[in-house]
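Report on the structure given below.
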Amino acid sequence: MSTTLSRPRRWSLLALAIAVTSVLMFPVYWMIMTSIVPSERLLVTEPPLIPPSDATSISAYTSALRDLPVLDWLWNSTLTTVGAAVLSTVVSTLGGYSLSRFRTRGQQAMGFTLLFSRMLPGTLLIIPVFVLFATFGMVNNLWSVTLVNTAATVPFTTWLMKGFVDAVPVEIEQAAMIDGCGRAGALWRVIVPLLKPGIAATFTYASILTWGDFLFARTLMGNPDGWTVTVGIASFIGEFSVDWSGLMAVGLISMVPMILLFLLLEPFLAKGMTTGSVKG
Amino acid sequence: MSIHQPKARERHPAAPSSASPDPARPPAGLVREHRRRSLFAYLTLSPTLAVVGLLMAYPLYVAIDLSLRGGQIADLLNLERNPLTLDNYRDVLTAPGLLSDVLRSVVYTVGVVVPAFALGLGLAILLNKAFPGRRIIRPLVLLPWAVPGVVVSAAFSWMLDASYGVVNHLLRTVGLIEDNVAWLADPDTALIAVILPTVWKYYPFFTLVLLAQLQSVPGELYEAARMDGASPLQQFLHVTWPAVRAASSLAIVITGIGVFREFDFIYPLTGGGPNEATQTLAIRIYNEAFQYFEMGTAAALGIVTMAICGLLLKFAGRSVRREFS
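Sequence lines, in order, name chains A and B. Numbering-wise (this note's numbering), the first sequence opens with residue 5 and increments by one. Numbering-wise (this note's numbering), the second sequence opens with residue 923 and increments by one.
This is the structure:
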């Protein structure tokens, strides 16, 4: 909605928005600042609040990329994230369809189980999951991280997708079936194209969750070759002296893919959240 | 779509499949068609079933088993099974500090959800108004949602650093503190120090959900309210709040469960310390399991945590259901 507001009121709203945004974005600003100003200028009790003009450099970025396997971490994160987001989207589209269109005992039990499984603490699940994967020799395997993250997102994304399928009138697929489409054909050719906003919301949600996952990746990936970027970042902390510039540089690099995805799909997200939150 | 619409699922509780007015029923309702339908119903559900069964239900079963039989990590790989016993539960429930861990989890959850909701709602109201630059501001304030939790933790641990942290510097500059505060190392402030980044990470979810709700409110409602001489507060109470109420309670419950089990912010920042000041149930489970390798105790603690979570949810669930009916 947009109401017509008087001119001074619009500008005062902008001023308020800028003030609030500055405070909220300060952590990001400080990360950028830390990554481009040499550590010795910041490891003082009164660090400068704006970058000193005589001392800014991107050496934190170049040395992080040169000395650390940051690109490998990013690649591992990309593999698990894309894998989990695709799996989660496929699984929850089918599951959401089933929950929305059929109302047998199986669907009801599953709906309840999905809500219930959100209550399982990740730190509890990870113990048996670790044992399960260890039994099959799948510890230190990116597939295990991918699968666990898929499972972690599916309870929410299935409800999200159910909301979207609910919004598609049943008559549309009935018409397709009268025209000779099978059920699967109607689902694939008629419904899935109408679910694009839902698919975008699900994909984004699963990507953001998996890209940010630390618990599962850290527990299942002891071998540094398979570290994702979050595990890599966490490895900075807890060392005797933390390289803050390098840490912030890698942290900012790790944010870029999600920001791009987020900007691309953000218009769909708000819509997805209404449907999902109201119906789910 | 109306936000006051009750959930269909709750309107027809446990309707038997044959009698339920199924909207997808094709014109010709033959027995064979019925079978094919239910086959398709389960076929589309089976991937969800597989994922949730293999990676949620089975682990839950193992966790329950472990809590009743297990001890040290070595027992997990040992195929001989210990006898069933409630020892782990007895140990967990009588261990000193359980109650303070529960309280700490609750304080942490409330301490995150209340400010995050307030901030999210305020921003949603602001972003719902037409002002120049809104299109740039909007993705910016939603951005923290896309930042990995570990990065958020790292940024805040640097900003809250006792000696060189910019937070201390800023607070000294404006005169709120005289000496640096060791935010993360001081048991009195550590919980606040882990709440801050969690709020920062979670408020955009509320903004997103509430903004979507507000955008479905016709602008004429506000104009009519203004013409009737409604103050901003009255507009909020009579137009804005009714529109977002239902979505609010659900978003609060979903976020609340997430925060109650949160690991990614506390663990990298403090590991549960100093002196257990930030040890929530989730952190305690992890430490029992992967620091002391007491798998049985950890599993029992996890089940207890789940039960507590379920109780809290039942409590909150009633108010959510009321919103929907």
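Note that beta-carbon positions come from the ideal geometry of N, C-alpha and C, so glycine has one too. Nothing here was measured: the structure is a model prediction, and the numbers come from that model.
Please classify residue i as buried or exposed, where buried requires at least 16 neighbouring CB atoms within 10 angstroms.
i	result
B/L1001	Confidence is the limiting factor: at B/L1001 the pLDDT is only 48, short of 50, which leaves the residue's position unreliable, though a coordinate-based value still follows. So B/L1001 ends up on the exposed side.
A/L2	One cannot answer for residue 2 of chain A here, as it falls past the ends of chain A, which runs 5 to 284.
B/Y983	exposed
B/E1216	buried
B/N1197	exposed
B/P981	buried
B/E1184	buried
B/V1063	buried
A/W231	buried
B/Y1124	buried
A/T157	buried
A/A188	exposed
B/V1036	exposed
Considering just the uninterrupted stretch of the alpha helix (DSSP H) at residue i, what are its terminal residues?
i	result
B/N1090	1088-1095
A/T232	Neither: A/T232 is in no alpha helix (DSSP H) and is coded neither H nor E.
B/A1152	Counting along the chain, B/A1152 falls outside any alpha helix (DSSP H), and DSSP gives it neither H nor E.
B/L1051	With the sequence shown as reference, residue 1051 of chain B is identified as Lys, and Leu is not the correct amino acid for it. No alpha helix (DSSP H) contains B/K1051, which DSSP labels as neither H nor E.
A/M114	109-121
B/N1010	1009-1016
A/S43	43-46
A/T150	146-170
A/M225	Per DSSP, A/M225 belongs to no alpha helix (DSSP H) and is neither H nor E.
B/I1059	1056-1064
A/T206	200-215
B/Q1201	Element bounds for B/Q1201: n/a, residue is neither H nor E.
A/E285	Nothing about residue 285 of chain A can be read from this structure; chain A reaches only from 5 to 284.
B/F1128	1112-1137
Indicate the three-state DSSP secondary structure (helix, strand or coil) for residue i in the structure shown.
i	result
B/E1184	coil
B/E1216	strand
B/Q994	strand
A/F140	coil
A/V94	helix
A/I36	helix
A/I241	coil
A/F30	helix
A/S102	helix
B/C1231	helix
A/I62	coil
B/W1105	coil
B/P1211	In the sequence under discussion, the amino acid at residue 1211 of chain B is Ala, which differs from the Pro named in the question. Here B/A1211 sits in helix by DSSP.
A/V246	coil
B/A1084	coil
B/E1142	helix
A/V260	helix
A/S10	coil
Output needed for residue i: all residues of its chain with C-beta closer than 6 Å, excluding positions within five of it in sequence on either side, in chain order.
i	result
B/P1190	V1072, S1075
B/A1169	V1131, Q1135
A/M142	S148
A/A64	S39, S249, G250, A253
A/T117	none
For residue i, collect the residues of the same chain with a Cβ closer than 7 Å to its Cβ; drop the 5 residues on either side in sequence, then sort them by chain order.
i	result
A/T223	I130, F134
B/P943	In this predicted model, B/P943 has a pLDDT of only 49, less than 50, meaning its place in the structure is not dependable enough to derive any value.
B/L1106	S1079, L1082, A1112, A1115, L1191, T1192
B/I986	I1225
B/A1199	P1109, A1112, L1113
Distance, Cα to Cα, residue i vs residue j?
i	j	result
B/G1141	B/G1218	57 Å
B/S1247	B/A1040	Reliability of the predicted coordinates at B/S1247 is poor, the pLDDT of 37 falling under 50, and no value is obtained from them.
B/D1108	B/L1045	32 Å
A/T366	A/F160	Lying before the first or after the last residue shown, residue 366 of chain A is absent from chain A, which here runs from 5 to 284.
B/A1211	B/I1099	40 Å
B/N1209	A/L53	38 Å
B/F1127	B/R1057	18 Å
B/F1182	B/Y1030	8 Å
B/L1159	B/R1167	11 Å
B/V1089	B/V1069	20 Å
A/L268	A/V86	16 Å
A/F30	B/T1120	15 Å
Closer than 8 Å by C-beta to residue i: which residues in its own chain qualify, once you throw out the five before and the five after it? Chain order, please.
i	result
A/R13	none
A/T127	L219
A/I36	M252, L256
B/S1085	N1102
B/I1205	F1185, I1188, Y1189, G1193, G1194
So which residues of chain E does residue i contact, with C-beta pairs closer than 7 Å?
i	result
B/P1054	Checking the listed chains, one finds no chain E in this structure; the protein chains it contains are A and B.
If you measure from the CB of residue i, is any heavy atom of the ligand NAP nearer than 7 Å?
i	result
B/F1078	With respect to small molecules bound, the structure shown includes none, and the ligand NAP cannot be examined in it.
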